[in-house]
Amino acid sequence: MRNWVKNENVQMIAVALATAAGAQFKINPFREDDFRIGLGVSILLFLLMIMPHLPYVKTGILTGLASITLQSADLIHHVHTLSVWDSMRDNLGAGLYYVVFAYGLSKIKYRFHEIPPLLLGGMITGIDFSSNFVELFVRGVLSGTNIFYMREWLYLLIVGGLRSYFVIGLYNSFAVRQIRLLHAEQEKRMEQMLSVNSGLYGEVFYLKKAMNTIEGITANSYELYRDLRDRDMNEYSQRTLGIAQQIHEVKKDSQRILAGLLKLYDNENTVNMSLSEVVHFAGKANRKYSEMLHKQIKIEIEQQYEGESPYYIPLLTVMNNLLANAVEAIEREGTIQVKVFEQENDIHFVVIDSGKGVPDAKRGVIFEPGYTTKFNEVGIAATGIGLSHVRDIVQSLEGQILVKSAPLGHGTAFNVIIPRASLMKEPGVESTLDHDRG
48 MRNWVKNENV QMIAVALATA AGAQFKINPF REDDFRIGLG VSILLFLLMI MPHLPYVKTG
108 ILTGLASITL QSADLIHHVH TLSVWDSMRD NLGAGLYYVV FAYGLSKIKY RFHEIPPLLL
168 GGMITGIDFS SNFVELFVRG VLSGTNIFYM REWLYLLIVG GLRSYFVIGL YNSFAVRQIR
228 LLHAEQEKRM EQMLSVNSGL YGEVFYLKKA MNTIEGITAN SYELYRDLRD RDMNEYSQRT
288 LGIAQQIHEV KKDSQRILAG LLKLYDNENT VNMSLSEVVH FAGKANRKYS EMLHKQIKIE
348 IEQQYEGESP YYIPLLTVMN NLLANAVEAI EREGTIQVKV FEQENDIHFV VIDSGKGVPD
408 AKRGVIFEPG YTTKFNEVGI AATGIGLSHV RDIVQSLEGQ ILVKSAPLGH GTAFNVIIPR
468 ASLMKEPGVE STLDHDRG
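When you line the sequence shown up against my numbering, it's residues 48 to 485, in that order.
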């Protein structure tokens, strides 16, 4: 069924029949003449504009034939003494109108989006007027009707202009709606891409730190092997050497994985994203997260500073995790405030929640590796990115993260402070993944 609808010949026939049917709704502007203006032209113009893939001239010919056939049948039905030939002759001009009109449109069909609407309306009005001239000329030759009435020609020009601009307005409304739908789809895909990249960045950061740890363990194991060998503890030294070799193999495997993940980042063609977009995407993602947890949480964003940064992925990773922690800290309903502002050449990203807060005794350990307060129903700790890694990502941008009680005493306020110069500078290869200052 779908292939049948997409068939070009079927579409042309549908356009022809719709136009011919629409032409039956008509008015007669000339005295004592069968010349009429119908809705068919408007239908044909709109359909051709939204289907530029159709062959316009061929569609115009089919439309002309359909118009002649339908209007001739209608005329014979109302004038019983009229022969088929006379009816066809009276409507031949109307059929030629559609052919000329479609031919004229075919000359600008690929420029509908380029030509300004006012100019496009004028051009289509000219095509309409020329098509009317051909129709009236043919009608005058075949039936001897006088077509040279200045008032009627002016009327045709006005009607053609109004019809053209009306259809262009309708077409632009349709095009705007299509653009909005496309924009919404692109934004949805961008959200998905940013979500994947944000998660991937966190995993790469984990892996990078793990490799540094593995490298240190390998070096320590080899030093232990040498110490044991120097003390003639051969059995233990060989076992230690075996452990060092196994750890070295783990490191090589990790390097291969890291190399594959880093290929997903295009460091040579760096693009920037505005801070407002970063905060917007983080806020939108965590609104959905709160809905998934069946919580009524309002996320308020106060943007006092705007700028663009190539480090939008690490920023998004940090903001996503701080907001997710804030969502999880609120039991049923509450508010999360996000503030972005500049102070003394530093950019502040503040996340304030109305949750249960962090006790003073635990503020010194929440950034320690392995610390978590999140356990499932069987007591297994959460495996998401922890605040220690959030801190490390912030430090890789030469920044710092502070925690304190919310201003009103209920909840927690996290303040990420990053120097503006560090946030806006162009990154080098594997930029923030190479600092590991935590």
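Each residue gets a CB set at the ideal place from its N, CA and C atoms; glycine is no exception. Since the structure is predicted, the reported quantities are computational estimates derived from the model, not experimental observations.
Within 10 angstroms of its Cβ, does residue i collect 16 or more other Cβ (buried), or is it exposed?
i: residue 171; result: buried
i: residue 240; result: exposed
i: residue 402; result: buried
i: residue 225; result: exposed
i: residue 210; result: buried
i: residue 259; result: exposed
i: residue 282; result: exposed
i: residue 138; result: buried
i: residue 454; result: exposed
i: residue 113; result: buried
According to DSSP, simplified to helix, strand and coil, what is residue i?
i: residue 413; result: coil
i: residue 160; result: coil
i: residue 356; result: strand
i: residue 391; result: coil
i: residue 98; result: coil
i: residue 280; result: coil
i: residue 128; result: Here residue 128 scores only 49 on pLDDT, less than 50, and its place in the model is too uncertain to base an answer on.
i: residue 405; result: coil
i: residue 71; result: coil
i: residue 327; result: helix
i: residue 53; result: helix
i: residue 169; result: helix
i: residue 290; result: helix
For residue i, which beta-bridge partners are listed by DSSP?
i: residue 449; result: 462
i: residue 382; result: 345
i: residue 400; result: 383
i: residue 321; result: 355
i: residue 350; result: 387
Measure from the alpha carbon of residue i to the alpha carbon of each residue in the options, then state which is nearest.
i: residue 389; options: 223, 368, 460, 354; result: 354
i: residue 574; options: 145, 55, 105, 290; result: Since the first residue of the chain shown is 48 and the last is 485, residue 574 is not available in this structure.
i: residue 457; options: 471, 366, 320, 400; result: 400
i: residue 415; options: 100, 405, 436, 114; result: 436
i: residue 439; options: 451, 255, 270; result: 255
i: residue 153; options: 449, 102, 187; result: 102
i: residue 361; options: 140, 284, 348, 326; result: 326
i: residue 65; options: 53, 88, 54, 55; result: 88
i: residue 186; options: 199, 143, 151; result: 143
i: residue 385; options: 99, 398, 174; result: 398
i: residue 70; options: 95, 141, 57, 100; result: 141
i: residue 349; options: 371, 359, 343, 324; result: 324
i: residue 409; options: 347, 318, 451; result: 451
Item checked: Contiguous beta strand (DSSP E) assignments of at least 3 residues, all confined to the segment 184-241 -> Segments of the beta strand (DSSP E) lying fully in the segment 184-241: there are none.
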